[in-house]
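Participant:
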Amino acid sequence: MAACGAAAAEYSALLSLPCGPSTRRRFAVSCHARPPGNLSAQQKKKRGKNIAPKQLSSNTKLLLTTEENGQLPSTSLRTSMQPPQKSTSSEDDTNGAIGQRDEKISAVGNEQQELLNRARLQAIEDVDKILTEKEAMQKKVNILEMKLSKALATKGNINTDILGDHLEIFTKEMLIESALSGGNPAHLCDSPLFTELTILKEENMLLKADAQFLKVKIVEFAEAEEFLFKLEKERLLLDATVRELESRFLVAQTDIWKVVPLQYDVWMEKVENMQHMLGCLRNHVEKYAALLDQHDDLHDKIDELETSLREGKTSEFSPYVVEVLQQKLKAAKSHHQAGHQETSTHIQVYQQLIEEFQENLGRLIEESGRLEHSANGVPSEFWSHILLMIDGWFLERKIPNTDAHMLREMAWKRDDRICEAYFSCRGAKESDVMETFLKLTLSGNSRCSSGLHIVHIAAEMAPVAKVGGLADVVAGLGKALQTKGHLVEIVLPKYDCMQLDQITNLKVLDVVIQSYFDGNLFSNNVWTGTVEGLPVYFIEPQHPSKFFWRAQYYGEHDDFKRYSYFSRAALELLYQSGKKIDIIHCHDWQTAFVAPLYWDIYATRGFSSARICFTCHNFEYQGTAPAPDLSYCGLDVEQLDRPDRMQDNAHGRINVAKGGIVYSNIVTTVSPTYALEVRSEGGRGLQDTLKMHSRKFVGILNGIDTGTWNPSTDRFLAVQYSATDLQGKAANKAFLRKQLGLYSEDASQPLVACITRLVPQKGLHLIRHAIYKTAELGGQFVLLGSSPVPHIQREFEGVADQFQKNNNIRLILKYDEALSHCIYAACDMFIIPSMFEPCGLTQMIAMRYGSVPIVRQTGGLSDSVFDFDDETIPVELRNGFTFARTDEQDLSSCLERAFSYYSRKPMVWKQLVQKDMQIDFSWDSPASQYENLYRSAVAQARGAAQT
């Protein structure tokens, strides 16, 4: 009985424990509704008769509270259940005591029932509060749920162990109390209270197992989530690595042909580095594939965990945790699927990159096989760098003129000793490098080069400072002459708007060149660098007017002053460099000042070895100004303002282009037909001067840079192609149509294009007519270009608006270099209806890309395009369609002929396309013609000097 009394008191004490919020929350998470399937049939029956489910839950919650109090406390109820003390009173007193005891026991039972009812009601309220809290906690579910689950898993064993111990003690005390009070222990075991305790003990064991199971699953889930994070991090890292490798590869590929002081061994080292980069890329892809396999393993683990939850292996005491895990699993599965798809896509892209990388690397290795271990195998960029370095030493007064001249000669003829000397002291101080080079001059056996020393003085050069075709000529002709063994240098203004990223080894020399202007001497900084493999000098005037800090190349109110200043400063630089130059080649009126300046000022100072070549690229622009303005650069106005010198033939002003013609030894223009045209009305007033100097005047058709304009290597194209494989041209046509939103259902629909500046010279009325006529013939038309004239720009904007909803016409009224490449490759026909065209490069580029030209017969167009139906022309030369008049009817007839061949004779058209693509429009032939003119002028000069 004592044991039973103690147990009852202990149980009553437990019922009186406080129920804090944390206890209620733990109950809500871990032991809310265990399925009755875990109990025996007898227990279910007794439980159903005596104890309500919610009351049981309340009791369980009260028992769990013991964790917060550390141990089961003693209460007055427990004391009242102890055995009665011995008494010396009478039997009545004894009976009264027994009755009092029974009343107390009854009171205890009533109090117990009341407490149980309160606990049940409290449990119901707690459940409602928990559901409310659950909704509020959803915003922080990613953090709080995981912490809650981990806390449950961590503390689950402790709670269940303590609860189990307390239940066991409570049971023993009840049995002892029952025995001491004279009760039957067997009868006590059948009581509802004892049954409830037994059920609690069993549920506590199940709860313990659930807690352990959830702990394992939460740890697995945490590991899976950590692995997902790691996988994502690895993917981002691999992404960045591949982008870096791509960038490094492009830089390495470009560096092969940029100025790099490398000989063959160093060049091969770069190739080996690229191979190493390829290996690194492979390793990264393999690593990524391994991660993908691990990702698949993770998918299996997620499926296993999801199956466990679905099969109900977890107790319903923890439905909230199960719900959280299911949400997490769903998110993880979704993340896994997206990551798997993205990973697969990246691996495919990386595999394509590897293939392209291998292909490009193979080309480089093949190219390296053609190089020899000698100076002849070193790229021209290297020698340009050496020449600029020697000139810098001399201009900075670090070496004498005789040594500089000898070193230039050795570099010019590509002497192996220069190459060996440079690499032997690579990385050393400049003074040590200079000393090593000067030792080479002691041998004194340097022979003169058979090539010519040519200096181009110009306002433009592609790609650093380009406005029109002049820039392409300076770069293209310079590179072609350099390839033929001549020493070619370029002098340009240093514009603030230049493309500096196109210049290699740009540096300012530690020297100031002073030049005359408007009665004063002004300082000029001299910069050097290499562009397209050519040595270039950039002159930066320190003039208050900031002549070349205008954010544009031309169009300033003082252009006459700007370029007269530059011409004088350029000649001053050449004069002070002490070089023995053979040819000074100046271009257009902007540098035509050079010719009279050279002969009237510098030749009298002993700088007289050179001969002057002047090329006028367009006689529309001649550089006229009031005669006094000529004095700014130091020229004698009184001597030059004469009809036979620089006085304009029509307006009585100074004409700089005329001065270039009169004072130059060689005068050229950019095509033979244009040279004939400018001797008549096309000369814009200079026809009489040209006739007078006709013996030194010649037209040479320009070329194009076939390295830049090459459909088989053009990086701007969607698909590269060649004359033997025209499928790529059709692919580029489809790509452009999609890009511009053109109708693309009919692949055979002809596409006509025009890329031009919208100025009157280009035949604006004929361009407009070509747009409408193409639409009438059922073709498509694309125009790319803009106008510097506002009203012309607005006019074509109106035309563009008119065709805005027409899916066969597109006008892009701006210039886009990348888009121009795509249009050349995509179009079937290319139209150039110019009023006059000195040379024209677009028709050559169009043919290079397999686009048949439709041109008006004028200038250089007549020298490069020959009508397909003209039987007076050899068949092998016929390469396009031409018209003569400037009216719309003649253009319409020409377009109709071209459309007829395209639609009715596709095989003939294909042969025409292939023939056009194989025509040689490179600078090789024009450079040979210039070379002959140079040599003839130099030979005459040397012959005159000997006599």
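Just so we're aligned: the sequence shown equals residues 1 to 947 in the UniProt record's numbering.
Note that CB positions come from ideal geometry on N, CA and C, so glycine has one too.
#1: Consult DSSP for Q647 and reduce its assignment to one of helix, strand or coil.
#2: When DSSP labels each residue in this structure, what does L717 get in the three-state scheme?
#3: Less than 9 Å separating the beta-carbons of residue 1006 and T756?
#4: Can you list the beta strand (DSSP E) stretches of 3 or more residues lying completely in the stretch 881-911, in chain order?
#5: Measure the C-alpha to C-alpha separation of L751 and R885 and round it to an integer number of angstroms.
#6: For Q918, does the three-state DSSP call read helix, strand or coil?
#7: What residue range does the alpha helix (DSSP H) around N487 cover?
#8: Going by C-alpha to C-alpha distance, which of T706, D705, L736 sits closest to A718?
#9: Taking the alpha-carbon of P788 as reference, which of F781, F796, I919 has the nearest alpha-carbon?
#10: Any contact between the stretch 618-629 and the stretch 565-579? By contact I mean 3 or more CB pairs, one from each, below 8 Å.
#11: Please report the Cβ distance between C822 and A753, rounded to the nearest whole angstrom; I am assuming they are in contact, meaning their Cβ atoms lie under 8 Å.
#12: Residue ranges of each alpha helix (DSSP H) run of no fewer than 4 residues wholly in the UniProt domain "Glycosyl transferase family 1" (746-898), ordered along the chain?
#13: For F619, which residues in the same chain have their Cβ closer than 8 Å to its Cβ, ignoring the five residues on either side in sequence?
#14: Below 8 Å, can you find three or more Cβ-Cβ pairs linking the stretch 547-559 to the stretch 452-470?
#15: Can you tell me whether P672 is helix, strand or coil according to DSSP?
#16: Pairs of beta-carbons, one from the stretch 703-718 and one from the stretch 775-785, closer than 8 Å: are there three or more?
#17: Between which two residues does the alpha helix (DSSP H) holding N401 run?
#18: Would you kindly work out how many angstroms separate the C-alpha atoms of A939 and M646, rounded to a whole number?
#19: Between L726 and chain C, is any beta-carbon pair separated by less than 9 Å?
#20: When the Cα atoms are used, what is the spatial distance from V511 to L573?
#21: Classify R715 as buried or exposed, calling it buried when 16 or more other Cβ atoms lie within 10 Å of its own Cβ.
#22: If you draw a straight line from the C-alpha of P672 to the C-alpha of T436, how long is it?
#23: Which stretch, first to last residue, makes up the alpha helix (DSSP H) that contains E556?
#24: For M461, which residues does DSSP report across the bridge?
#25: Give the single residue among R856, D415, K484, F547 whose Cα lies nearest to the Cα of L452.
#26: Below 7 Å CB to CB, which residues in the same chain sit around A846 once its five sequence neighbours on both sides are set aside?
#27: When you compare the stretch 525-538 with the stretch 478-498, are there three or more beta-carbon pairs, one atom per stretch, that lie closer than 8 Å?
#28: Measuring CA to CA, which of A570, N732, P790, D644 is closest to Y849?
#29: From the DSSP secondary-structure annotation, give me the bridge partner or partners of A625.
#30: Select from S903, A480, L509 the residue whose C-alpha is nearest the C-alpha of T706.
#31: In chain order, what residues of the same chain lie with their CB nearer than 7 Å to the CB of S744, ignoring the 5 residues before and after it?
#32: Under a three-way DSSP split, which group does S712 fall into?
#33: Answer with buried or exposed for T528, where buried requires no fewer than 16 other C-beta atoms within 10 angstroms of its C-beta.
#34: So what's N732 in DSSP terms, helix, strand or just coil?
#35: For V473, which residues from the same chain have a beta carbon less than 6 Å from its beta carbon, with the 5 sequence-adjacent residues on both sides left out?
#36: If I measure Cβ to Cβ from S384 and keep anything under 7 Å in the same chain, skipping five residues before and after, which residues do I get?
Facilitator: Let's see:
#1: strand
#2: coil
#3: Here the chain comprises residues numbered 1 to 947, so residue 1006 is not present and cannot be evaluated.
#4: For the stretch 881-911, the full-length beta strand (DSSP E) segments reaching 3 residues or more read 881-883 along the chain.
#5: 24 Å
#6: In the structure shown, the three-state DSSP call for Q918 is coil.
#7: Before going on, a small fix: residue 487 reads as Leu here, not Asn. Run containing L487: none in the alpha helix (DSSP H); it sits in the beta strand (DSSP E), 487-493.
#8: L736
#9: F796
#10: no
#11: Going by Cβ atoms, the distance from C822 to A753 rounds to 10 Å, so no, they are not a contact pair.
#12: 764-776, 790-802, 817-826, 842-848, 859-864
#13: Excluding the 5 residues flanking it on each side, F619 has same chain C-beta neighbours closer than 8 Å at A657, T669, V678, G682, G683, R684, L686, P838, in chain order.
#14: yes
#15: helix
#16: no
#17: 401-412
#18: 27 Å
#19: Protein chain content of the structure displayed is limited to a single chain, and chain C is not contained in it.
#20: 11 Å
#21: That one is exposed.
#22: 50 Å
#23: No alpha helix (DSSP H) contains E556, which DSSP labels as neither H nor E.
#24: A465
#25: K484
#26: Taken in chain order, the residues that qualify are Y824, F830, P853.
#27: yes
#28: N732
#29: I654
#30: The candidate whose alpha carbon is nearest that of T706 is A480.
#31: A734, R737, K738
#32: coil
#33: buried
#34: helix
#35: N702
#36: Once the five neighbours on either side are set aside, the close Cβ partners of S384 are V259, T530, G533, L534, P535.
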